[in-house]
Amino acid sequence: MTTAYPAAKPTTETTEKIRPALEWRAAPAGQGFAEVKYHKAERIAKITINRPEVRNSFTPRTVEEMRAALLDAKLDKEIGAVILCGEGERAFCAGGDQRVRGHSGYRSEAGSEMLNVLEFQREIRTCPKPVVAMVAGWSIGGGHVLHMMCDLTIAAENARFGQVGPRMGSFDGGYGASYMARIIGQKRAREMWFLCRSYSAQEAKEMGLVNCVVPVADLEEVTVQWCREMLANSPTAIRALKAALNADCDGQAGLQELAGIATMLYYMTDEAKEGRDAQLSKRPADFRKFAP
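The opening position of the sequence shown corresponds to residue 15 in our numbering, with each subsequent residue numbered one higher.
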């Protein structure tokens, strides 16, 4: 006789506080932000959704500020890894703020309706630097999709994961469904979406959604340590590997990203420079010494 997978008790309450691991400094690019905190330290950028009163749910403005911070981190040659997190211990992100959900999307301050979080999902995927989700508390709905988009997820013991869209007339049929199925399998993905249950950090780890589960107090320390380990490795190799791993799921767009990295590396060779220099010098290129 088979039994249904038991529903996890939905609680994220904790008396522990996340212990700071670094002396973070405010990044100039984030000075005008209202709903996101943006800090840097030791070649690591930290993007924090700062709406704890609503479990760090996002509005179009939140998303635009996260996008701006990620772009700054991408272009900053001193930054080699990015942490995405939520303010406090109660929530990483609870998805879109339903109070600003309109007829066809989420209303911006200008009144237009949009789903700009989809752009942010793609930008996390295509960022050449590893993005690590640091999850404490709730990671549900669109917030759950955001952590899945990150390259790695470090979860606190009080973290809870799940999808709630079908309960409130919403769903993510893009990465939220297809990429989830790649990670945890079709049956478990359908379970998560169709039943709208929540799962503990340990259950999420067993499903392959989470890399590591740690005490709440140690969350930032462990996340920073993982970033330091990556920063000790070749950034070009990590960039190429990220693109290669993404290409399996991202179709032509993924192949384009991987091919772009290959082109960049080729431009750095003497063979490519011979072709460029010959063109500029108006002479025939001599590729004979570069024969494979």
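Beta carbons are placed, not taken as given, at the ideal position from N, Cα and C, and that holds for glycine. Remember, it's a predicted structure, so these values are computed and weren't measured experimentally.
Outcome for residue i when other beta-carbon atoms lying within 10 angstroms are tallied against a minimum of 16
i	result
M182	exposed
A273	exposed
K91	exposed
L89	exposed
A108	buried
M15	For M15, the pLDDT reaches just 43, beneath the cut-off of 50, and the residue's location in the model is therefore unreliable, leaving the point undetermined.
A305	exposed
D165	buried
G44	buried
K206	In the sequence on display, residue 206 carries Met and not Lys. Burial call: buried.
A251	exposed
A276	exposed
S212	buried
Neighbourhood of residue i by C-beta distance below 6 angstroms, restricted to the same chain and skipping five residues each side
i	result
G222	I197 and I198
F185	G179
C99	T62 and M148
I260	One point to set straight first is that residue 260 is Asn, not Ile, in the sequence displayed. Within the same chain, N260 has close Cβ partners R139 and G268.
Supposed close pair residue i, residue j - CB separation, criterion 8 angstroms
i	j	result
K51	A87	That pair is no contact at about 13 angstroms.
E103	V230	6 angstroms
L84	I61	7 angstroms
A95	M244	6 angstroms
V227	Q216	6 angstroms
K31	A41	With 8 angstroms as the limit, K31 and A41 do not qualify as a contact, their Cβ atoms being about 23 angstroms apart.
L132	G188	7 angstroms
Among the options, the one whose alpha carbon lies nearest that of residue i
i	options	result
E101	V68, E79 and L85	V68
G46	Y280, I32, M80 and V146	M80
A150	T140, H161, C141 and G156	H161
A173	M148, C141 and A195	M148
A246	P34, H158 and I58	I58
G155	G176, C164 and T167	G176
A48	K54, W38, T26 and N64	N64
Y280	L166, C263, A254 and W38	A254
G110	E137, V159 and V146	V159
D264	Y213, I138 and R290	I138
E285	K303, R297, E171 and S212	K303
R71	L294, G157 and E220	A small correction: the amino acid at residue 71 is Ser; Arg does not occupy that position in the sequence shown. The candidate whose alpha carbon is nearest that of S71 is G157.
E27	R39, W38 and A105	A105
Cβ of residue i within 8 angstroms of any chain E Cβ
i	result
N130	Note that chain E does not occur in the displayed structure, where there is just one protein chain.
Contacting residues, own chain, Cβ-Cβ under 7 angstroms from residue i (five flanking each side not counted)
i	result
E56	L36
D300	E288
P34	E234
V224	T167, A169, A215 and A218
A258	L272
F134	V77, M80 and R81
R202	M221
Beta-carbon contacts of residue i that lie in its chain and below 8 angstroms, excluding the five residues immediately before and after
i	result
Q266	none
C210	G176, Q177, V178, G179, P180 and R181
**Study point:** alpha helix (DSSP H) runs contained entirely in the segment 159-240, provided each spans 4 or more residues
**Key:** 189-198, 200-209 and 215-221
Point to revise | Every unbroken alpha helix (DSSP H) inside the segment 32-102 [4 residues or more] | key: 74-89
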